[in-house]
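J.: Got a structure for you, questions after.
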């Protein structure tokens, strides 16, 4: 008998339907050809609590828990204990899986295609000391076609041992940091008499909280500065247009970066002087044909940012909606991805996927009809694929009214991005003309669309993911001028404005900041490490991290905006700079990648982390001793 162990019931059901269902019961599905499919409910096993590693003679609280004492730290398990979750349903399912394992000739790990999916099934197999051969079922979508492909291409589970070890290393390291340093900081800050506040720290949680606190401080302490922009209204060949003043090197009255004219008196004097000019001489005129490539597929972070901006969805909401489209409706690919590219092999699937989009979302039928499946956009690029490809529709359809409003909103975004891959590149002529007006430089810019291409899909609204819209002047049509031509000066105007503070974080922008935290460092080595690590957290965990910070009341929401609470700021004042910094995560992820590749033993990784925790504990105990 061959036993498939899926990560969750919905995936088990999808596999069973392709194997051929014979009988269903509470814990499994019996299929044709002596196959049985069973399932987990996420992690059935969990890390033991610190009490399981501490001596029995430690005094206990009224609730029966061993009291926290600084002398019992660090807690470094010599043998890690993983036990069934304290849930009757979980334990029943685990026992059922154990009984199936005893009968099976071959096991198949059908966990989700990521580190955690690999570990959660492997740890169940290990729990029962299984000795059978183990295969790996690996698919990024659970539509029937993808399931069939996966069943025909089962791999050796041993090939994924690095992913299992990386997940196990992350789990153990986060346990070590959270259990040891949360206890140490809480005890360190506890009043001599009475109970102090819990100081819960985490490798990713605390740097994330730090980012929000710093942004709050920057906004609240921002002092706006007035500045002046100067424009010239020009005319040539019966076309009126606008050119912007460009300050010369060493221009007086500019800010420290030399970008903004902050001395208003100098600006007004310049406007008065230039207002006497009647002619603008062309110094340079250049038109370049430019192309805008098709937008890439969504990564999870991309669609979380977009859904926050467009619909106000939380990061966790967006993940759950994407998970529902993937798992329940089976109309999109695996959502927990940091990649926005697609495998080149999937290009051949385009006709079937486009047809499925039109069936699911009939309003796209006209757009799909105009799509050319022979077009191969740069999004299809094997060299850019990480563990998972971007989020796209699959060749499976459901009735549109089966989706709820939130699912419809996200499917629209995902589907439109996919359809755009099969439209031509957007082309436009970008013209830039430089003028001399009274010895000052002015520049006019204008774009003329040559071929709308994929942007025709976004004709009625800005393209999701577009950067902040350029000034309207950039879309103006300019006259055909060349060097030494002239234009008439219709007027010189100045517009006063004030510098704006950075925006408060929303869940969407915080997700983006976690992914791109390298931008906040000047050190090139750290930038590279954090870039390669993909920031702090993972696509699968960032939403949960933000939710956990809110649950602990370290963060609070004011509409879409997130703020660090007083409790959060109090915590950050008490922990070390190393715990607040993302540098720890950069080094952590760098080593985990070595574990995943098989270049570092998971025990060596954990030992290195224990050394770091010991050094942090030494700092705390030294201060306590000085008291």
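Residue numbers (our numbering): 743 to 1369.
By construction, the Cβ of each residue, glycine as well, lies at the ideal position given by its N, Cα and C atoms.
Only a predicted model underlies this, so the values are computations on that prediction, with no experimental measurement involved.
With contact counted as at least three CB pairs below 8 Å, one residue from each stretch, are the segment 1336-1353 and the segment 1281-1288 in contact?
T.: Touching, no.
J.: Roughly how many angstroms separate the alpha carbons of residue 746 and residue 833, rounded to a whole number?
T.: In the chain shown, the residue the question calls residue 746 occupies position 4. In the chain shown, the residue the question calls residue 833 occupies position 91. Rounded to whole angstroms, residue 746 to residue 833 spans 19 Å at the Cα level.
J.: Residues bridged to residue 1285 by DSSP?
T.: What you label residue 1285 is simply residue 543 of the chain shown in a count that begins at 1. Residue 1285 is not bridged to any residue.
J.: Going by C-alpha distance, which of 778, 1057 and 1053 is nearest residue 1373?
T.: Given that the chain is displayed from residue 743 to residue 1369, the structure contains no residue 1373 and the question cannot be resolved.
J.: Between the Cα of residue 807 and the Cα atoms of 775, 796, 1320 and 1319, which residue gives the shortest distance?
T.: Indexing the chain shown from 1 puts residue 807 at position 65. Per the Cα distances, 796.
J.: DSSP has residue 1030 in a bridge; who is on the other side?
T.: By one-based count along the chain shown, residue 1030 stands at place 288. The partner list for residue 1030 (beta bridge, DSSP) reads 1172.
J.: Buried or exposed for residue 1195, going by 16 or more other Cβ atoms inside 10 Å?
T.: If you number the chain shown from 1, residue 1195 lands on position 453. Label assigned to residue 1195: buried.
J.: State the beta-bridge partners of residue 1228 as determined by DSSP.
T.: Taking the first residue of the chain shown as position 1, residue 1228 is located at position 486. 1023, per the DSSP bridge assignment.
J.: Does DSSP classify residue 1130 as helix, strand or coil?
T.: Residue numbering aside, residue 1130 sits at position 388 when the chain shown is read from its first letter. Correct three-state label for residue 1130: coil.
J.: Is residue 968 helix, strand or coil when you go by DSSP?
T.: Looking up residue 968 in the chain shown gives position 226. Residue state, collapsed to three classes: strand.
J.: Using a 10 Å radius around the Cβ and a threshold of 16 neighbouring Cβ atoms, would you call residue 749 buried or exposed?
T.: Start at 1 with the first residue of the chain shown, and residue 749 comes out as number 7. Classification of residue 749: buried, given that the 10 Å Cβ count is 16 or more.
J.: In three-state DSSP terms, what is residue 1298?
T.: Position 556 of the chain shown, counting from 1, holds the residue named residue 1298. DSSP places residue 1298 in strand when its eight states are reduced to three.
J.: For residue 889, collect the residues of the same chain with a Cβ closer than 7 Å to its Cβ; drop the 5 residues on either side in sequence, then sort them by chain order.
T.: Here the question's residue 889 lines up with position 147 in the chain shown. Taken in chain order, the residues that qualify are 756, 757, 760 and 881.
J.: The alpha helix (DSSP H) with residue 1154 in it runs from where to where?
T.: Translated into positions along the chain shown, residue 1154 becomes position 412. 1147-1162 is the extent of the alpha helix (DSSP H) around residue 1154.
J.: Have a look at residue 1217 and residue 1159 and give me their C-alpha separation to the nearest angstrom.
T.: Position 475 of the chain shown, counting from 1, holds the residue named residue 1217. Position 417 of the chain shown, counting from 1, holds the residue named residue 1159. Distance between the alpha carbons of residue 1217 and residue 1159: 24 Å.
J.: Just to confirm before moving on: does the CB-CB distance between residue 1359 and residue 926 stay below 8 Å?
T.: What you label residue 1359 is simply residue 617 of the chain shown in a count that begins at 1. What you label residue 926 is simply residue 184 of the chain shown in a count that begins at 1. Yes; because the gap between Cβ atoms is below 8 Å, this pair is in contact.
J.: Tell me which residue opens and which closes the beta strand (DSSP E) that residue 852 is part of.
T.: The residue you call residue 852 lines up with position 110 of the chain shown. Residues 848-852.
J.: For residue 823, which residues from the same chain have a beta carbon less than 8 Å from its beta carbon, with the 5 sequence-adjacent residues on both sides left out?
T.: By 1-based counting over the chain shown, the position of residue 823 is 81. Cβ within range, chain order: 789, 790, 794 and 795.
J.: Name the two residues that bound the continuous alpha helix (DSSP H) containing residue 1329.
T.: Here residue 1329 refers to the residue found at position 587 of the chain shown. Note, residue 1329: alpha helix (DSSP H), 1325-1339.
J.: Could you confirm whether any beta carbon from chain C is found closer than 8 Å to the beta carbon of residue 1160?
T.: The structure shown contains no chain C; it holds only a single protein chain.
J.: What is the DSSP secondary structure of residue 993, reduced to helix, strand or coil?
T.: Locating residue 993 in the chain shown gives position 251, counting from the first residue. Residue 993: coil per DSSP, three-state reduction.
J.: Taking Cβ positions, are residue 1231 and residue 976 nearer each other than 8 Å?
T.: By one-based count along the chain shown, residue 1231 stands at place 489. By one-based count along the chain shown, residue 976 stands at place 234. In this structure, residue 976 lies closer than 8 Å to residue 1231 by Cβ.
J.: Checking 8 Å against the spacing of the C-beta atoms, do residue 787 and residue 825 come in under that value?
T.: To locate residue 787, count along the chain shown from 1; it is residue 45. To locate residue 825, count along the chain shown from 1; it is residue 83. It is a contact, given that the beta carbons lie within the stated cut-off.
J.: Using DSSP bridges, identify the partner residues of residue 1188.
T.: Here residue 1188 refers to the residue found at position 446 when the chain shown is read from its first residue. BP columns for residue 1188 point to 1173.
J.: Taking only runs that begin and end inside the segment 1007-1090, name each unbroken beta strand (DSSP E) of 3 or more residues, in chain order.
T.: Complete beta strand (DSSP E) runs here, min 3: 1021-1034.
J.: Going by other Cβ atoms of all chains shown within 10 Å of its Cβ, with 16 needed for buried, is residue 1252 buried or exposed?
T.: The residue given as residue 1252 occupies position 510 in the chain shown. Residue 1252 comes out buried.
J.: Count the other C-beta atoms from every protein chain shown that fall within 10 angstroms of the C-beta of residue 1291, then say buried if there are 16 or more, exposed otherwise.
T.: Position 549 of the chain shown, counted from the first residue, corresponds to residue 1291. It counts as buried.
J.: Drop a sphere of 10 angstroms on the beta-carbon of residue 1023, count the other beta-carbons inside from all chains shown, and report buried for 16 or more, exposed for fewer.
T.: Numbered from its first residue, the chain shown carries residue 1023 at position 281. Answer is exposed; the Cβ neighbour count stays below 16.
J.: When the Cα of residue 1244 is compared with those of 1120, 1056, 961 and 954, which residue comes out closest?
T.: Here the question's residue 1244 lines up with position 502 in the chain shown. Closest option to residue 1244, Cα to Cα, is 961.
J.: Mind checking who residue 773 pairs with in its DSSP beta bridge?
T.: Taking the chain shown and counting its residues from 1, the one referred to as residue 773 is at position 31. Answer by DSSP bridge pairing, in chain order: 763 and 777.
J.: Take every Cβ of the segment 1068-1078, pair it with every Cβ of the segment 1116-1125, and state whether three or more of those distances are shorter than 8 Å.
T.: At 8 Å Cβ cutoff, the stretches do not touch.
J.: Would you call the CB atoms of residue 1324 and residue 1272 closer than 8 Å?
T.: Locating residue 1324 in the chain shown gives position 582, counting from the first residue. Locating residue 1272 in the chain shown gives position 530, counting from the first residue. Taking 8 Å as the Cβ cut-off, residue 1324 and residue 1272 qualify as a contacting pair.
J.: DSSP beta-bridge partners for residue 987?
T.: Against the chain shown, residue 987 aligns to sequence position 245. DSSP, once it has assigned bridges, lists 1184 as partnering residue 987.
J.: Going by the CB atoms, is the gap between residue 1139 and residue 1101 shorter than 8 Å?
T.: By one-based count along the chain shown, residue 1101 stands at place 359. By one-based count along the chain shown, residue 1139 stands at place 397. Cβ atoms of residue 1101 and residue 1139: closer than 8 Å.
J.: If you measure between the beta carbons of residue 1348 and residue 915, is that distance less than 8 Å?
T.: As a position in the chain shown, residue 1348 is number 606, starting the count at 1. As a position in the chain shown, residue 915 is number 173, starting the count at 1. Taking 8 Å as the Cβ cut-off, residue 1348 and residue 915 qualify as a contacting pair.
J.: State the DSSP-derived secondary structure class of residue 1110, mapped to helix, strand or coil.
T.: As a first step, residue 1110 must be located in the chain shown, where it is residue number 368. Helix, per DSSP.
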